[in-house]
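**Q** For reference, the structure I am asking about is given below.
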Amino acid sequence: MEREIGNKLGKTTLKTPYRDSRLDLPVISSLLYCGSTALDYAPTEAGYKSTLAGVNGFENIINIMKIGLRDIQDYIDSATEGVIFFSMGSIIQGSTLPETTRDAFLKVFSKLKQKVLWKLEVESLPGQPANVKISKWLPQSDILAHPNVRVFISHGGLMSTLEASYHGVPILGIPCFGDQHQNILRVQESGYGLALDLTNITETSVAWSLDELLNNLRYSSKARQISQVFRDQPQTPMERAVFWTEYVLRHNGAAHMRSSALDLHWFQHLLLDVLAFVILIVGCFLILIIYILNIFLRAISRKSDSHEIKIKTKKCI
């Protein structure tokens, strides 16, 4: 069922929605959902954009106490100087960071007035300062929603970046692979975050970055501005998703919204037919040039041969 719903409501880059006549679910591929606001990653695929309804955003943010983490709630509430939240996401384990990198962070954390909440896959670390609390799992979006959170240290994954943007929290990015570098670059260009090079993290670089994010008001101000833009929508993401889903169902698949790009063959979608045509034209042009040059060279050669024959004839006479 998950695959069926996913393929009816969503898409993967360079792939069209999965079609299966055996499905009992209504065909609503006329409308493909994506995350699309002015601040995130609107699709760039030609032909799809006109049938996409942006439903990105966060709905029904759950209070931390509602999921049984009272100790986390109390820890953040009592942080009068604020909290630095450190999480490398669910794919990258923070415990795999080089020991020198962890030590650099711990040394800097020990000198801060702020508390640190670190998602890590271990119970504790050697030399762990008193202002650092480690937990194996933390509700990321709920924590970022807390007003006491001052900085988010993150790997720069898409959802992590969007959640921090939505809640208006400056980001200190440590991108590792994939789209993380692009995500953090966008954060830097937008003015509400900084980046560290994973291969060259030192106590000095960490200290400077955190001091800049904590004490330079332009980062927090820009983060709040980004959050306001992100939230300024006529409907909540959930309301928008429900409306467009019901809209397509009400109009029997909403064929009028269906993009003709969905009927393209794979080679057309990749513009291989256009590329082949261009190559053919260029090839014909090159052949024509070669043919003309060949005629020109032959004419010169014949003229030269004729001239040599005349010279030899004069010598013989």
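Offset between the sequence shown (1-based) and the numbering used here: plus 16. Ideal Cβ positions, reconstructed from N, Cα and C, are used throughout, including at glycine.
#1: Which term fits N310, buried or exposed, when burial requires 16 or more other beta carbons within 10 angstroms of its beta carbon?
#2: What's the C-alpha gap between S206 and R234?
#3: With 9 Å as the threshold, decide whether the Cβ of V167 is near any Cβ in chain C.
#4: Can you determine whether any heavy atom of the ligand ZN sits closer than 8 Å to the C-beta of P163, and answer yes or no?
#5: Scan the region 98 to 179 and note each continuous alpha helix (DSSP H) run of 4 residues or more that stays entirely inside, going in chain order.
#6: Report the three-state DSSP secondary structure of G189 (helix, strand or coil).
#7: Check this for me: beta carbons of L128 and I150, under 9 Å apart or not?
#8: Less than 9 Å between the beta carbons of V203 and G194, yes or no?
#9: According to DSSP, is A223 helix, strand or coil?
#10: Cutting at 8 Å between CB atoms, please list the residues of its own chain near S317, excluding the five before and the five after it.
#11: How big is the Cα-Cα spacing for S37 and H197?
#12: Using DSSP with H/G/I as helix, E/B as strand and the rest coil, what is G63?
#13: Can you say whether W134 is buried or exposed, counting buried as having 16 or more other CB atoms within 10 angstroms of its CB?
#14: If you follow the alpha helix (DSSP H) that L201 is in, where does it begin and where does it stop?
#15: Under three-state DSSP, which class holds G299?
#16: Expressed to the nearest angstrom, what Euclidean distance is found between the alpha-carbon atoms of R86 and I190?
#17: Using the Cα positions of E139 and S275, report the straight-line distance between them to the nearest angstrom.
#18: So what does DSSP say about L336, is it helix, strand or coil?
#19: Assuming D279 is part of the alpha helix (DSSP H), what are its boundary residues?
#20: If we ignore side chains and look at the alpha-carbon of each, how far apart do K238 and C300 end up?
#21: Report the CB separation of Q130 from G98 in whole angstroms; it is logged as a contact under 8 Å.
#22: So, under 8 Å CB-CB, V165 and L188 are touching, yes? Tell me the CB distance rounded to an integer number of Å.
#23: What does a CB cutoff of less than 6 Å around T177 pick up in its chain, not counting 5 residues either side in sequence?
#24: To the nearest angstrom, report how far apart Y263 and L174 are at their CA atoms.
#25: Do H285 and A277 count as a contact pair if the criterion is CB distance below 9 Å?
#26: If the criterion is Cβ atoms closer than 9 Å, does the pair I100 and I169 meet it?
#27: Keeping to the same chain, check which residues put their C-beta closer than 7 Å to that of I306; ignore five residues upstream and five downstream.
#28: Note down, in chain order, each residue of its chain lying with its Cβ closer than 7 Å to the Cβ of L313, except the 5 sequence neighbours on either side.
**A** Reading off the structure:
#1: The residue in question, N310, is exposed, as its Cβ has fewer than 16 Cβ neighbours within 10 Å.
#2: Each residue's alpha carbon lies about 11 Å from the other.
#3: Although the question refers to chain C, the structure presented lacks it and comprises just one protein chain.
#4: Because no ligand of any kind appears in the structure shown, any question about the ligand ZN cannot be addressed here.
#5: The alpha helix (DSSP H) runs lying completely inside the region 98 to 179 and spanning 4 residues or more are 115 to 125 and 156 to 160, given in chain order.
#6: Residue state, collapsed to three classes: strand.
#7: Taking a C-beta distance under 9 Å as the contact criterion, L128 and I150 do not qualify as a contact pair.
#8: Contact: no.
#9: Reduced to three states, the DSSP call for A223 is helix.
#10: Within the same chain, S317 has no close Cβ partners at all.
#11: Residue placement at S37 is flagged as unreliable, the pLDDT there being 46, under the threshold of 50; the coordinate-derived value follows with that caveat. The alpha-carbon of S37 is positioned some 40 Å away from that of H197.
#12: Because the pLDDT at G63 is just 46, under 50, the model does not fix this residue reliably, and the value given afterwards should be weighed accordingly. In the structure shown, G63 sits in coil (DSSP, three-state: anything other than H, G, I, E or B).
#13: Buried: at least 16 other Cβ atoms inside 10 Å.
#14: Unbroken alpha helix (DSSP H) run through L201: Q196 to S206.
#15: When DSSP states are grouped into helix, strand and coil, G299 belongs to the helix group.
#16: Going by the C-alpha atoms only, they are around 29 Å apart.
#17: Cα to Cα, the separation comes out at about 52 Å.
#18: Here the chain covers residues 17 to 333 and nothing more, so residue 336 does not appear.
#19: Membership of D279 in any alpha helix (DSSP H) is not indicated, and neither H nor E is assigned to it by DSSP.
#20: Their Cα atoms are separated by approximately 55 Å.
#21: For Q130 against G98, the beta-carbon gap comes to about 5 Å, under 8 Å, which counts as contact.
#22: The Cβ separation is near 12 Å, so there is no contact.
#23: Within the same chain, T177 has close Cβ partners N199.
#24: Straight-line spacing of the CA atoms in Y263 and L174 works out to 29 Å.
#25: A distance below 9 Å separates the beta carbons of A277 and H285.
#26: Taking 9 Å as the cut-off, the beta carbon of I100 is found closer than this to the beta carbon of I169.
#27: If you ignore the 5 residues before and after I306, its C-beta comes within less than 7 Å of no other C-beta in its own chain.
#28: In the same chain as L313, and ignoring 5 residues on each side of it, no C-beta atom comes closer than 7 Å to its own.
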